[in-house]
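Novice: I'd like to ask you about the structure that follows.
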Amino acid sequence: MKKILVTGGLGFIGSHTVVELQNAGFEVVIIDNLSNSKIEVLDNIQEITNKKPEFFNIDLRNKKDVKHFFNTNSIDGIIHFAASKAVGESVNIPLEYYENNINSLVFILQEMKNHKISNFIFSSSCTIYGQADELPITENSPIKPAESPYGNTKQIGEEIIRDASKVTNINAISLRYFNPIGAHESIKIGELPIGIPQNLIPYITQTAMGIRKELSVFGDDYNTPDGTAIRDYIHVVDLAKAHISALKRLIDKRNNESFEFFNVGTGKGNSVLEIIQKFETATNVKLNYKITDRRAGDVTAAYADVSKIQKELSWQNEKTLTEALISAWEWQKSVK
Ligand code: WQD
Numbered sequence: 445m446k447k448i449l450v451t452g453g454l455g456f457i458g459s460h461t462v463v464e465l466q467n468a469g470f471e472v473v474i475i476d477n478l479s480n481s482k483i484e485v486l487d488n489i490q491e492i493t494n495k496k497p498e499f500f501n502i503d504l505r506n507k508k509d510v511k512h513f514f515n516t517n518s519i520d521g522i523i524h525f526a527a528s529k530a531v532g533e534s535v536n537i538p539l540e541y542y543e544n545n546i547n548s549l550v551f552i553l554q555e556m557k558n559h560k561i562s563n564f565i566f567s568s569s570c571t572i573y574g575q576a577d578e579l580p581i582t583e584n585s586p587i588k589p590a591e592s593p594y595g596n597t598k599q600i601g602e603e604i605i606r607d608a609s610k611v612t613n614i615n616a617i618s619l620r621y622f623n624p625i626g627a628h629e630s631i632k633i634g635e636l637p638i639g640i641p642q643n644l645i646p647y648i649t650q651t652a653m654g655i656r657k658e659l660s661v662f663g664d665d666y667n668t669p670d671g672t673a674i675r676d677y678i679h680v681v682d683l684a685k686a687h688i689s690a691l692k693r694l695i696d697k698r699n700n701e702s703f704e705f706f707n708v709g710t711g712k713g714n715s716v717l718e719i720i721q722k723f724e725t726a727t728n729v730k731l732n733y734k735i736t737d738r739r740a741g742d743v744t745a746a747y748a749d750v751s752k753i754q755k756e757l758s759w760q761n762e763k764t765l766t767e768a769l770i771s772a773w774e775w776q777k778s779v780k
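As structure tokens, then:
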């Protein structure tokens, strides 16, 4: 049984990917420093799959600890989620973002080279495209100057991986996520934002719960049909499954290059007001919201062209937006 290291495996996307890895017959070991996740997620994963992943509380900024881990554990592949990921926060503390997101990546790649580990999946983001000139966004869309240090760490991360893969045994796939939402059908894992949610869906579900007074819709003067910004919202379980497809491609040596990259989305865009309306219809809960100013750094519209991942990885999202919104609501109601 191949053993896969999942860094950040107790986080939102990481935990859903651990479940799908176990379902696909992989052995999983998690590294997480619990800076943005809870140790209880480990038991929740076990409740879903009946298999408890090995867990190491390691901070990947500590080069000695990273080296020791790889000297004492035999790994067949790595899915690397661990990173700081709040766009707004990254503007205020850029050095912490570059230290965490870049140093950790370099230390892991160095150990892959030292231990001849080939298979690497990188958690990237559609934010690297900025406001694309053409929609839907393809993988050939130009990479725009990053709008935030967070987005820049994803751009730099891909360049580091590309350069390393040219001269080492590393074969890598970068998955450029659009907007992950929802929760596992068991409602035992989901999104656990700490503090005031930055992202739309957890803010909506906390407003519906009465935890937040009302949702602010950041601007209705965009050049879109209803004036609110458009995004590609993908169910987190579909996103998790894309990682399994990418990993199998590398393990089976079906990759065409040593560094490949794929958009992961549904290929459909929805505006903020459309999401609100779909949430209210799906859950029968009326949402308090008001229109406010735009949020700095937001783009007007971003949704994926998914033909490359469909063709190369035979992957396609399966769950509907309504299923994702209902699962997010069910999860919110279950959170203590
Ligand atoms: C979605 C839409 C907001 C909150 C995020 C991450 C990015 C990437 C993709 C990881 C926007 C609007 C939001 C609110 C609102 N993920 N909104 N009121 O900004 O598209 O990108 O997911 O790599 O890194 O930042 O997602 O959920 O913050 O916003 O009106 O209270 O909802 O303006 O149009 P975003 P989001």
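If you count the sequence shown from 1, you need to add 444 to reach the numbering used here. For each residue, glycine too, the CB sits at the ideal point set by N, CA and C.
Residue 524 lies in the beta strand (DSSP E); which residues open and close that run?
Specialist: Translated into the one-based positions of the sequence shown, residue 524 becomes position 80. Run containing residue 524: 521-524, per the beta strand (DSSP E) assignment.
Novice: In chain order, what residues of the same chain have a beta carbon less than 6 Å from the beta carbon of residue 760, not counting five sequence neighbours either side?
Specialist: As a first step, residue 760 is located in the sequence shown; it is residue number 316 there, counting from the start. Taken in chain order, the residues that qualify are 754.
Novice: Report the option in 454, 645, 495 and 452 whose CA atom is closest to the CA atom of residue 471.
Specialist: By one-based count along the sequence shown, residue 471 stands at place 27. Checking every option, the nearest Cα to that of residue 471 belongs to 495.
Novice: In or out: residue 734 buried (at least 16 other Cβ within 10 Å) or exposed?
Specialist: The residue given as residue 734 occupies position 290 in the sequence shown. Residue 734 should be labelled exposed.
Novice: Do residue 452 and residue 526 count as a contact pair if the criterion is CB distance below 7 Å?
Specialist: Residue numbering aside, residue 526 sits at position 82 when the sequence shown is read from its first letter. Residue numbering aside, residue 452 sits at position 8 when the sequence shown is read from its first letter. Yes, the pair counts as a contact, with Cβ atoms nearer than the cut-off.
Novice: Quick one: does the C-beta of residue 573 sit closer than 6 Å to a heavy atom of the ligand WQD?
Specialist: Residue mapping note: residue 573 aligns to position 129 of the sequence shown, counting from 1. Residue 573: no, Cβ never under 6 Å from the ligand WQD.
Novice: Just how far apart, CA to CA, sit residue 454 and residue 685?
Specialist: Here the question's residue 454 lines up with position 10 in the sequence shown. Here the question's residue 685 lines up with position 241 in the sequence shown. Near 16 Å, if we compare the C-alpha coordinates of residue 685 and residue 454.
Novice: From the DSSP secondary-structure annotation, give me the bridge partner or partners of residue 716.
Specialist: On the sequence shown, position 272 is the one that residue 716 refers to. For residue 716, which the question treats as bridged, DSSP gives no partner whatsoever.
Novice: From residue 593 to residue 632, what distance separates their C-alpha atoms?
Specialist: Numbered from its first residue, the sequence shown carries residue 593 at position 149. Numbered from its first residue, the sequence shown carries residue 632 at position 188. Roughly 33 Å between the two C-alpha positions.
Novice: Which residues bound the alpha helix (DSSP H) around residue 548?
Specialist: Translated into the one-based positions of the sequence shown, residue 548 becomes position 104. Where residue 548 is concerned, the enclosing alpha helix (DSSP H) stretches over 548-558.
Novice: Among 647, 742 and 704, which residue has its Cα nearest to the Cα of residue 667?
Specialist: Position 223 of the sequence shown, counted from the first residue, corresponds to residue 667. Nearest of 647, 742 and 704 to residue 667, Cα basis: 742.
Novice: Where do the N-terminal and C-terminal ends of the alpha helix (DSSP H) with residue 687 fall, by residue?
Specialist: Within the sequence shown, residue 687 is the residue found at index 243, counting from 1. First-last of the alpha helix (DSSP H) with residue 687: 680-695.
Novice: Return the residue from the list 514, 479, 482 and 603 that minimises the CA-CA distance to residue 617.
Specialist: In the sequence shown, counting from the first residue as 1, residue 617 sits at position 173. Ranking the options by Cα distance to residue 617, first place goes to 603.
Novice: Quick one: complete beta strand (DSSP E) runs, 3+ long, within the segment 589-638?
Specialist: Those beta strand (DSSP E) runs which fall completely within the segment 589-638 and span 3+ residues are 615-621 and 623-625.
Novice: Name, in chain order, the residues that DSSP records as bridge partners for residue 705.
Specialist: Position 261 of the sequence shown, counting from 1, holds the residue named residue 705. Looking at the DSSP assignment, residue 705 forms a beta bridge with 618.
Novice: Return the first residue and the last residue of the alpha helix (DSSP H) that residue 743 is part of.
Specialist: To locate residue 743, count along the sequence shown from 1; it is residue 299. That residue, residue 743, is in no alpha helix (DSSP H); it is neither H nor E in DSSP.
Novice: Taking the alpha-carbon positions, what's the residue 622 to residue 499 distance?
Specialist: Along the sequence shown, one-based indexing puts residue 622 at 178. Along the sequence shown, one-based indexing puts residue 499 at 55. Distance between the alpha carbons of residue 622 and residue 499: 28 Å.
Novice: For residue 581, count neighbouring C-beta atoms within 10 Å of its own C-beta (all shown protein chains included) and say buried if the count is 16 or more, exposed if not.
Specialist: For the purposes of this step, residue 581 is taken as the residue at position 137 of the sequence shown. Residue 581 should be labelled buried.
Novice: Measure the CB-CB distance between residue 772 and residue 625 and report whether it falls below 7 Å.
Specialist: Within the sequence shown, the letter at position 328 stands for residue 772. Within the sequence shown, the letter at position 181 stands for residue 625. In contact: residue 772 and residue 625 (Cβ atoms closer than 7 Å).
Novice: So the alpha helix (DSSP H) residue 563 belongs to, where does it begin and stop?
Specialist: Walking along the sequence shown from the start, residue 563 turns up at place 119. Careful: residue 563 lies outside any alpha helix (DSSP H), inside the beta strand (DSSP E) at 563-569.
Novice: Quick one: using the 10 Å Cβ neighbour count with 16 as the cut-off for buried, is residue 567 buried or exposed?
Specialist: The residue given as residue 567 occupies position 123 in the sequence shown. When all chains shown are included, residue 567 counts as buried.
Novice: Between which two residues does the beta strand (DSSP E) containing residue 662 stretch?
Specialist: The sequence position of residue 662 within the sequence shown is 218, counting from 1. Its beta strand (DSSP E) spans residues 659-662.
Novice: Please classify residue 524: is it buried, with 16 or more other beta-carbons within 10 angstroms of its beta-carbon, or exposed?
Specialist: Your numbering for residue 524 matches position 80 in the sequence shown. The residue in question, residue 524, is buried, as its Cβ has 16 or more Cβ neighbours within 10 Å.
Novice: Evaluate contact between the segment 688-703 and the segment 651-659, counting only Cβ atoms and requiring at least three cross-stretch pairs below 8 Å.
Specialist: No, they do not touch.
Novice: For residue 499, which beta-bridge partners are listed by DSSP?
Specialist: Start at 1 with the first residue of the sequence shown, and residue 499 comes out as number 55. Answer is 474, bridged to residue 499.
Novice: What do you reckon, is the C-beta of residue 620 under 6 Å from a heavy atom of the ligand WQD?
Specialist: As a first step, residue 620 is located in the sequence shown; it is residue number 176 there, counting from the start. It does not: the Cβ of residue 620 is nowhere closer than 6 Å to a heavy atom of the ligand WQD.
Novice: Look at the alpha carbon of residue 428 and the alpha carbon of residue 476, and state the distance between them as a whole number of angstroms.
Specialist: In the structure as shown, the chain begins at 445 and stops at 780. Residue 428 is therefore absent and cannot be evaluated.
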